[in-house]
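Asker: Okay, so the sequence shown: first residue is 12 according to our numbering, each after it adds one.
Note that beta-carbon positions come from the ideal geometry of N, C-alpha and C, so glycine has one too.
Keep in mind it's a predicted model, so treat the numbers as computed, not measured.
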Amino acid sequence: MGKPLLLACDWGTTNLRAWTLDGAGRVVGEQDFPLGVSKLGTGEAARRFGAEVRPALDAAGLPAILCGMVGSNLGWREAPYADCPAGLADLAARLIDVGDGVQIVPGLRCEGLAGAPDVMRGEETQVFGWLAQHPARRTGRHLVCHPGTHAKWVLVEEGRIARFVTAMTGELFAVLGRHSLLKNEAPADDDAAFDEGLAAAGQGDALAARLFTARARVVGGKAKAESTPSYLSGLLIGAEVASVPGLLGEPTNHVALLGDAALCGRYRRALERMGAEVETFDGEAAAIAGLFALGAPS
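Here it is in structure tokens:
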């Protein structure tokens with residue numbers, strides 16, 4: 012491991028994850044900060060980055076590359092979206108310089124559903140990092156799923172992000188589990204109930220009707236109320252994997268899952284139930300690789 016040459020940050024709505032990287036892109040130091048952009052006032056991002064993040068990682072004077080919601084209208088400075096299809100070089104050409112050696116990665120925009128655009132910030136860096144980790148991935152077509160609050164299904168063609176679709180599955184799960192008649196504080200760790208939800212998802216159609224089964228199975232059947240979060244998770248994820256890839260015109264024969272291991276495990280369970288071949292990749296390692304590919308000192 013060499014000396015740190017780059018400060019790389021994934022700066023989201025609720026949290027900031029930072030790493031110092033050496034000349035080969037290896038992690039020298041790392042730290043989390045409770046500095047999500049939703050918690051910061053106007054102009055506060057720049058001040059706290061200089062006063063807290065740099066000193067904590069002994070990164071004074073290092074060039075810095077930031078991705079995520081820090082580049083939104085809530086963050087340090089808005090980095091306008093790059094349009095798809097886009098490759099790593101397209102993002103690199105549109106980095107926003109905010110001074111003090113700090114650059115912000117733009118998000119991506121593509122044509123979405125019903126004539127509206129679709130957008131992402133942060134996930135593009137992970138996808139390009141995933142591509143950078145193995146050159147063979149930069150050829151051919153790949154379907155990449157990034158599970159999360161707003162899951163992204165990304166079609167990659169010849170090393171470029173061609174288009175993508177967002178599914179608000181994680182947010183729906185949170186809202187329904189906290190603010191609806193399905194409210195329940197039990198953990199979503201019941202595999203049998205999760206599988207029952209997957210089966211109830213069908214082809215992902217008529218979701219509003221299928222959702223009521225989470226209520227009816229308890230009040231009109233013999234299911235335990237504490238199994239509801241697991242059932243709901245299976246139902247929502249099952250509906251997503253059954254229907255969303257088709258919006259890209261892609262079969263789910265082979266899917267690369269990129270992100271948190273536990274959440275990717277649930278998506279893997281749903282996809283393999285459909286007969287898909289699935290590979291899972293660490294989202295943090297991909298983010299680091301993407302930030303290094305974009306920000307490495309020449």
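In chain order, what residues of the same chain lie with their CB nearer than 6 Å to the CB of GLU251, ignoring the 5 residues before and after it?
Answerer: Closer than 6 Å at the Cβ level, and outside the excluded window around GLU251, lie ALA178 and THR180.
Asker: By DSSP, does THR224 sit in helix, in strand, or in coil?
Answerer: Correct three-state label for THR224: helix.
Asker: Going by DSSP, what residues sit across from PRO128 in a beta bridge?
Answerer: Note: PRO128 sits in a beta bridge opposite GLU122.
Asker: In angstroms, rounded to a whole number, what distance separates the CA positions of ARG174 and GLY188?
Answerer: In a straight line, the C-alpha of ARG174 is about 31 Å away from that of GLY188.
Asker: Excluding the 5 residues preceding and the 5 following ARG65 in the sequence, name in chain order all residues of the same chain whose CB lies nearer than 6 Å to its CB.
Answerer: Answer for ARG65: ALA71, listed in chain order.
Asker: With H, G and I counted as helix, E and B as strand and the rest as coil, what does DSSP make of VAL289?
Answerer: The answer is strand: DSSP assigns VAL289 an E or B state.
Asker: Nearest CA to the CA of GLU207: which residue from GLY23, ASN195, SER238 and GLY112?
Answerer: Looking at the Cα atoms, SER238 is the closest of the given residues.
Asker: Would you please state the rounded distance, in angstroms, between the beta carbons of TRP87 and ALA57? I believe it to be under 8 Å.
Answerer: Yes, TRP87 and ALA57 are in contact; Cβ-Cβ is about 6 Å, under 8 Å.
Asker: Of all the beta strand (DSSP E) runs that stay within the bounds of the region 157-216, which reach a length of 3 or more residues?
Answerer: If we require 3 residues or more, the beta strand (DSSP E) runs fully inside the region 157-216 come out as 162-168 and 171-178.
Asker: DSSP beta-bridge partners for PHE44?
Answerer: LEU27.
Asker: LEU77 and ILE115 - do their beta-carbons sit closer together than 8 Å?
Answerer: Yes, the pair counts as a contact, with Cβ atoms nearer than the cut-off.
Asker: Residues in the same chain with beta-carbon distance under 6 Å from ALA287, minus the five sequence neighbours each way, listed in chain order, please.
Answerer: Hits under 6 Å: THR263 and VAL266.
Asker: For ASP21, which residues in the same chain have their Cβ closer than 7 Å to its Cβ, ignoring the five residues on either side in sequence?
Answerer: Around ASP21: ARG28, CYS78, GLY79, GLY133 and ALA298.
Asker: ALA272 by DSSP, collapsed to three states: which one?
Answerer: Residue state, collapsed to three classes: helix.
Asker: Are the beta-carbon atoms belonging to ALA304 and PHE139 less than 8 Å from one another?
Answerer: Yes, the pair counts as a contact, with Cβ atoms nearer than the cut-off.
Asker: Considering only residues of the region 55-87, which uninterrupted alpha helix (DSSP H) runs meet the minimum length of 4 residues and lie entirely inside it, listed in chain order?
Answerer: Fully enclosed alpha helix (DSSP H) runs of 4 or longer: 55-59.
Asker: Can you tell me which residues form a DSSP beta bridge with LEU5?
Answerer: The structure shown does not extend to residue 5, since the chain is modelled only from 12 through 309, so no value can be given for it.
Asker: Considering Cα atoms alone, identify which of PHE205, CYS95, GLY110 and ILE172 is closest to ARG277.
Answerer: Comparing Cα positions, the closest option is PHE205.
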